[in-house]
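J.:
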Amino acid sequence: MGEPVTPGASCPGTFARAWAKAVSGTSYLPMTQAQLEELLQRLTHRLAAALRAEPFDPRVGHQVGAELVAAHIASAEGLGRTVEVIQLRLLRDLGLVGDDISDRLARLLATITTGYTRALRDRTLDEQESIRRAAMVARAQAERALRDSESRFRHQATHDPLTDLPNRTLFTERLAAAINAPGRGADRVGVCFLDLDRFKVVNDSLGHQLGDALLVQMAQRLRRALGEHLVARLGGDEFVILVERTGGTDDVVKAAEAALAAVSEPALVDGHELSVTASVGIVERPVAGTTPGELMRAADSTLHWAKAAGGARWALFDPARHRTELARYALSAAIPAALDRGEFFLDYQPLTSLRDGTLLGVEALVRWRHPELGVLRPDSFIGLAEETGLIVRLGGWVLAEACREAESWGADGGPAPFVSVNLAVRQVNRPDLVQEVRGLLAQTGLPPQRLQLEITESTMMSAGAEDPVRALRALNDLGVRIAIDDFGTGYSNLAYLRDLPVTELKMAGEFVTGLRAPQVDPASRTDERILASLVSLAHALDLTVTAEGVETADQADLLRAIGCDAGQGWHFGRPAPAARILEQIR
99 MGEPVTPGAS
109 CPGTFARAWA
119 KAVSGTSYLP
129 MTQAQLEELL
139 QRLTHRLAAA
149 LRAEPFDPRV
159 GHQVGAELVA
169 AHIASAEGLG
179 RTVEVIQLRL
189 LRDLGLVGDD
199 ISDRLARLLA
209 TITTGYTRAL
219 RDRTLDEQES
229 IRRAAMVARA
239 QAERALRDSE
249 SRFRHQATHD
259 PLTDLPNRTL
269 FTERLAAAIN
279 APGRGADRVG
289 VCFLDLDRFK
299 VVNDSLGHQL
309 GDALLVQMAQ
319 RLRRALGEHL
329 VARLGGDEFV
339 ILVERTGGTD
349 DVVKAAEAAL
359 AAVSEPALVD
369 GHELSVTASV
379 GIVERPVAGT
389 TPGELMRAAD
399 STLHWAKAAG
409 GARWALFDPA
419 RHRTELARYA
429 LSAAIPAALD
439 RGEFFLDYQP
449 LTSLRDGTLL
459 GVEALVRWRH
469 PELGVLRPDS
479 FIGLAEETGL
489 IVRLGGWVLA
499 EACREAESWG
509 ADGGPAPFVS
519 VNLAVRQVNR
529 PDLVQEVRGL
539 LAQTGLPPQR
549 LQLEITESTM
559 MSAGAEDPVR
569 ALRALNDLGV
579 RIAIDDFGTG
589 YSNLAYLRDL
599 PVTELKMAGE
609 FVTGLRAPQV
619 DPASRTDERI
629 LASLVSLAHA
639 LDLTVTAEGV
649 ETADQADLLR
659 AIGCDAGQGW
669 HFGRPAPAAR
679 ILEQIR
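Residue numbers (the numbering used here): 99 to 684.
Here it is in structure tokens:
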């Protein structure tokens, strides 16, 4: 063949860009577009040089194919586009001509394909070998990790990894053995359940790492102070002490006091001097007739008693108190089903004008017709409902039922009393309180002016946040009456009422109890003067005043004399069903 000639300037850069564009996207390429074009331009120069060389050596194509694979242009589509762009554009873009130039190009393409295929095969084999070796290494590591894990699970199955104290598992086994194993010679057994006071503050303020260091130090102290007894960590900041073969309660109390003394010593942890206290629940009883679970539940309950009393102390299990708390829990748990079954009902107590004796309103009082305990008064279940949050549902039912029944009292067109309903603090803080009340009024047809919402003084103070006050103002603007109940049992401060949407004060019964005829008790003059001052101040704020707990005619006369607007109590009528209130109206 004659030597190839180049009639015009060659453009390897143009061809390299076309080549890069063709293979882009066919494989993942760990390089920029500029780097790819630079690589392919270098390979273009090699292909051009091979086509011009004398003698012609097509083996250059093997190297070019291998380099493509090495550059991760390693897919069937990438090879196909490479062959296509070389065949269509290489000779034209580089201006290569000659007698056998097409033959040379075909042979060069064949070697490129061969080199590409061999390199791809070799790479696949290498990757498979690498995967096999990696799998072998991973398997060996997994087997070693499993052996290590099993080993750790065996120095951790019975011990706490942080403090190295016995854990819950070992403690439960020892407690069960103390109760059930024959021949141990133990007639009685004791448990001290210990929990650090306010440990969460340490974690939140100083970090969990320092908290863990404090736990380790406390564990070491407990182990030293109670070496003759089993001390275990149950988790978190909870520890438990097993006192076997006790001679009575004093033995367990002695262990609890030793534990509290050990914990209370100032602790230096990571440069911080910390004062630590703990609470302990103590249970001591005969082993006969008890179980590990019963003992631990009793100790847990008793620990909560110590916490509730202020902490930094021990408390002794009291079976009677425990039974009372269980009964309270059962009563609390029964409230939702009782609502579903319609076991709650309302009685109403009159609010009577002291000026002319007319019925101004009634207060709705909820009762529970319990299938086993009979009729329960609010003081036996309202507190439970407030503690558990069930007061929202129960209070919502009371409000709806009171509105429904009160609406019918004005059916004959005559004057009808307003109905007064107590709201708990959780209800006052609900964001949808206004919508709930507005919806009930629309649904029942009760005029807003005939609904009064009673909020205790402490609730009103706790509801001083912007949103609850805004809700009360919205209700007041709607026409609903807002009353402060039990006034005088809390802050007894009228100044804060100036900016609150209150229309009425209900004086607590304690103020009224001391009112007697002067000839019987001259000291009652003091109570009378206090009440007179409060009534005068309330009237200065355009508030009406209702006295609660009025039981005698003398009390009613004295209240009338000092300007009190209304009275509520047995003197004016005891709580009664809605039907009797309707009779009184008629």
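Using N, Cα and C, we set each Cβ at its ideal position, and we do this for glycine too.
Would you tell me roughly how many angstroms separate the C-alpha atoms of residue 380 and residue 470, rounded to the nearest one?
T.: 33 angstroms
J.: For residue 342, is the classification buried or exposed, using 16 other Cβ atoms within 10 angstroms of its Cβ as the cut-off for buried?
T.: With 16 or more Cβ atoms within 10 Å of its Cβ, residue 342 is classed as buried.
J.: Specify, as a first and last residue, the run of the alpha helix (DSSP H) that residue 175 falls within.
T.: 174-183
J.: Would you kindly report the start and end of the unbroken alpha helix (DSSP H) that includes residue 415?
T.: First-last for residue 415: undefined, no H or E at that position.
J.: With DSSP as the reference, label residue 267 as helix, strand or coil.
T.: helix
J.: Based on Cα-Cα distance, which residue from 442, 495 and 548 lies nearest to residue 516?
T.: 548
J.: Could you name the residues that DSSP lists as bridge partners for residue 550?
T.: For residue 550, which the question treats as bridged, DSSP gives the partners 518 and 579.
J.: Would residue 210 and residue 159 qualify as a contact pair, given that the criterion is a beta-carbon distance under 8 angstroms?
T.: yes
J.: Count the CB pairs spanning the stretch 348-357 and the stretch 408-423 that are closer than 8 angstroms, and state whether there are at least three.
T.: yes
J.: In or out: residue 227 buried (at least 16 other Cβ within 10 Å) or exposed?
T.: exposed
J.: Go ahead and pull the three-state DSSP assignment for residue 507.
T.: helix
J.: So, helix, strand or coil for residue 605, using DSSP?
T.: strand
J.: Name the residue from 491, 458, 117 and 527 whose alpha carbon lies nearest to the alpha carbon of residue 136.
T.: 117
J.: As an exercise, report each continuous alpha helix (DSSP H) stretch of at least 4 residues that is fully enclosed by the stretch 210-265, in chain order.
T.: none
J.: Do residue 339 and residue 329 count as a contact pair if the criterion is CB distance below 8 angstroms?
T.: yes
J.: Return the first residue and the last residue of the beta strand (DSSP E) that residue 451 is part of.
T.: 442-451
J.: Counting pairs of beta carbons, one from the stretch 426-442 and one from the stretch 399-407, are three or more of them closer than 8 angstroms?
T.: no
J.: Can you tell me whether residue 501 is helix, strand or coil according to DSSP?
T.: helix
J.: In the DSSP assignment, what are the bridge partners of residue 461?
T.: 447 and 518
J.: Please look up how many angstroms separate the CB atoms of residue 270 and residue 256, rounded, as I've assumed it's under 8 angstroms.
T.: Residue 270 to residue 256, Cβ: 10 angstroms. No contact.
J.: Where does residue 344 sit, in a helix, a strand or coil, going by DSSP?
T.: coil
J.: Would a C-beta distance cut-off of 8 angstroms place residue 639 and residue 596 closer than the cut-off?
T.: yes
J.: Taking just the CA atoms, how far does residue 246 sit from residue 376?
T.: 37 angstroms
J.: Which same chain residues end up closer than 7 angstroms to residue 585 when comparing Cβ atoms and leaving out the 5 residues on each side of it in sequence?
T.: 555, 603, 604, 605 and 606
J.: Only counting the same chain, and skipping five residues up and downstream in sequence, which positions put a Cβ closer than 8 angstroms to that of residue 441?
T.: 466, 467, 468 and 469
J.: Please report the residue range of the beta strand (DSSP E) in which residue 293 lies.
T.: 286-294
J.: Nearest-angstrom Cα distance between residue 651 and residue 669?
T.: 7 angstroms
J.: Whole-angstrom Cβ separation of residue 203 and residue 186, contact assumed at under 8 angstroms?
T.: Rounded, the Cβ-Cβ distance is 11 angstroms, inconsistent with contact.
J.: Do residue 484 and residue 425 count as a contact pair if the criterion is CB distance below 8 angstroms?
T.: In this structure, residue 425 sits away from residue 484, with a CB-CB distance that is not shorter than 8 angstroms.
J.: When you compare each of 179, 193, 168 and 174 to residue 143 by their alpha carbons, which one comes out closest?
T.: 193
J.: Since residue 308 contacts residue 300 with CB under 8 angstroms, what's their CB separation in whole angstroms?
T.: Contact flag correct, Cβ pair sits at about 7 angstroms.
J.: Using the Cα positions of residue 367 and residue 418, report the straight-line distance between them to the nearest angstrom.
T.: 42 angstroms
J.: Can you give the Cα-Cα distance for residue 454 and residue 661, rounded to whole angstroms?
T.: 13 angstroms
J.: In three-state DSSP terms, what is residue 645?
T.: strand
J.: Would you identify the three-state DSSP class for residue 667, choosing helix, strand or coil?
T.: Coil, per DSSP.
J.: Near residue 486, what residues of its chain come up, given a Cβ to Cβ distance below 6 angstroms and the 5 sequence neighbours on each side ignored?
T.: Correct list, in chain order: 430.
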